[in-house]
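Chemist: Below you will find the structure I want to go over with you.
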Amino acid sequence: MTLRVGVIGVGRIGAAHARDLATGVAGATVSAVYDVDATRAAFLAQELGARALATPADLVASADVDAVVVASPDALHPEHVRLCLAQDTPVLCEKPLAPVVADALAIVETEAALGRRLVTLGFMRRFDAGYRALKARLDSGEAGTPLLVHCIHRNVSAGPGQTSAMTLTNSVVHEIDASRWLLGEDVVSVRVVTGRSTPLAEAGLQDPLQALLRTTSGVVVDVEAFVNAHYGYDVRCEVVGSEGALDLGDGAGVAPGWLERFADAYHAELQAWVDAVVSGVPAGASAWDGYVATAVAQACERALGTDGEVPVALAPRPDLYG
Ligand code: ISE
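Throughout, the numbering used here is defined as the position within the sequence shown, counted from one, plus 3.
Printed below as a string of structure tokens:
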């Protein structure tokens, strides 16, 4: 069976996903695309032999769309995922599931009521070779008991209108998910530390900032998020345990940008998603993982500008998410 995928939002990551689905990922083709920029959608549709449709709703309802990738702007993710749930259509949603936790929770509740895992979150670090090797070594017990996780997340430059809240819900959200996944634990409280900002940051943007996450067992995860690092795209992760320290290994160098740094991970994530939709066995991060990541990121938003430690309150986890 060839999975016919529709892609909503074909800017940078959406176009990259669409091209890979059309030409690289086994068992998939791209049948339809939508973008608010109709010209951009039309060009990509022509390149891929797909149709450019007039609205996201048309795309999701289209008879030749079996599954959907949502790569629209963050604030539109909930609306586009809801369209998919209403049509019982599997969807790979780029992170975050929603910038606002209530919207993310509403999606979890809708999916739980349907009783079927339709939503997968695009947390691609889970498919990166360095992160996977780190997790395998951690799970083997090689480093003993995990005590600290040090994360660095540096972007080359932020887009116009970037806010500190966006740094948290759009960038730090990756480290929130990756540390939960690596440690197999939830975050119970957060702090955010800020200091001098780079002169390259827009007025009002705290850049860099540091988020400190405390997990259930007391592991402290520190995340440096610096969205105008200028020199390159630099993502690092080190877990310090009672018997050793583990990091991402040689693969983790400075890259021109996130598309280059995580190209293999994005590809592996798409392949795993297509295989999961076809087999019916879910793979990758769930809507619950997306909800939790946003809940932690929004706790960080509340902690921003205070000296305090802010608790993370989570809704009860529906049985669907085991
Ligand atoms: C971007 O949306 C991504 O997901 C990148 O992986 C991340 O590094 C960047 O900070 C985000 O803006």
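Where is the CB? At the ideal position from N, CA and C, for every residue including glycine.
None of the values given here were measured: they were computed from a predicted structure.
1. Run the proximity test for residue 184: is its beta-carbon closer than 6 Å to any non-hydrogen atom belonging to the ligand ISE?
2. Measure the Cβ-Cβ separation of residue 27 and residue 74 and say whether it is below 7 Å.
3. Please report how far the alpha carbon of residue 129 lies from the alpha carbon of residue 268, in whole angstroms.
4. Could you spell out where the beta strand (DSSP E) holding residue 213 opens and where it closes?
5. Using a threshold of 6 Å, is the CB atom of residue 158 nearer than that to any non-hydrogen atom of the ligand ISE?
6. Since I believe residue 190 is in contact with residue 299 (beta carbons under 8 Å), could you give me their beta-carbon distance rounded to a whole number of angstroms?
7. Give the DSSP bridge partners of residue 96, in chain order.
8. Taking three-plus beta-carbon pairs below 8 Å as touching, is the region 159-176 in contact with the region 277-289?
9. Short of 6 Å in beta carbon distance, which residues of its chain neighbour residue 70, apart from the five on each side in sequence? Order them along the chain.
10. For the region 259-307, list the alpha helix (DSSP H) runs that are entirely contained and at least 4 residues long, ordered along the chain.
11. In whole angstroms, what is the alpha-carbon distance linking residue 50 and residue 42?
12. DSSP state of residue 320, grouped into three classes?
13. Assess, as a yes-or-no matter, whether the region 98-111 is touched by the region 233-246 under the definition of 3 or more beta carbon pairs within less than 8 Å.
14. Between residue 179 and residue 216, which are expected to be in contact by the criterion C-beta below 8 Å, what is the C-beta distance as a whole number of angstroms?
Modeler: Taking the definition as stated:
1. The sequence position of residue 184 within the sequence shown is 181, counting from 1. Set against 6 Å, the gap from the CB of residue 184 to the closest heavy atom of the ligand ISE is not smaller.
2. Working through the sequence shown from its first residue, we reach residue 27 at position 24. Working through the sequence shown from its first residue, we reach residue 74 at position 71. Contact: no.
3. What you label residue 129 is simply residue 126 of the sequence shown in a count that begins at 1. What you label residue 268 is simply residue 265 of the sequence shown in a count that begins at 1. Answer to the nearest angstrom: the Cα atoms are 8 Å apart.
4. If you number the sequence shown from 1, residue 213 lands on position 210. It spans 212-218 - the beta strand (DSSP E) in which residue 213 sits, taken as one unbroken run.
5. Within the sequence shown, numbered from 1, the residue matching residue 158 stands at position 155. Yes, since a heavy atom of the ligand ISE falls inside the 6 Å radius drawn around the Cβ of residue 158.
6. If you number the sequence shown from 1, residue 299 lands on position 296. If you number the sequence shown from 1, residue 190 lands on position 187. Taking the Cβ atoms as the reference, residue 299 lies roughly 5 Å from residue 190, within the contact range of under 8 Å.
7. On the sequence shown, residue 96 is found 93 positions in, with the first residue counted as 1. DSSP lists 73 and 124 as partners of residue 96.
8. In short, these stretches do not touch, since the Cβ pair count stays below three.
9. The residue you call residue 70 lines up with position 67 of the sequence shown. Closer than 6 Å at Cβ, skipping near neighbours: 6, 8, 93 and 280.
10. Correct list: 261-264, 266-282 and 290-306.
11. Working through the sequence shown from its first residue, we reach residue 50 at position 47. Working through the sequence shown from its first residue, we reach residue 42 at position 39. Their Cα atoms are separated by approximately 12 Å.
12. Here residue 320 corresponds to residue number 317 of the sequence shown, with the count starting at 1. DSSP places residue 320 in coil when its eight states are reduced to three.
13. For the pair of segments examined, the region 233-246 was found not to touch the region 98-111: the number of CB pairs separated by less than 8 Å stays below three.
14. Numbered from 1 along the sequence shown, position 176 holds the residue referred to as residue 179. Numbered from 1 along the sequence shown, position 213 holds the residue referred to as residue 216. Contact holds; Cβ gap of about 7 Å.
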